[in-house]
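In the working numbering, the protein residues as written are 146 to 209. We put the CB at the ideal spot given by N, CA and C, even for glycine. All remarks here apply to the structure that follows.
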C-alpha cells in the first residue's frame, strides 16, 4: 500500500512568492552582528504570518 501525502496547506508556496522578504528577514535574524541578543521574534512573526496566509489560501481553494 503506497502512502499518500496530503498537504492541507503550502507554506513553501508563500515563501517562494515572497522569497526576497523571507531571505532578508532570515539574514537579519541569523547574522550575529545584527542580532547579538538572538532575538528571533521578527522571523517567528513572519513565519506565523506565512502560515496564516497559506491556511487562508487553502480555505479559499476549498470553497471553489
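- A Cβ-Cβ distance of about 6 Å is found for the pair residue 196 and residue 156, placing them in contact under the 8 Å criterion.
- The DSSP-derived three-state label of residue 178 is coil.
- With a minimum length of 3 residues, there is no unbroken run of beta strand (DSSP E) contained wholly in the segment 151-207.
- If you check the CB distance, residue 173 and residue 179 come in under 8 Å.
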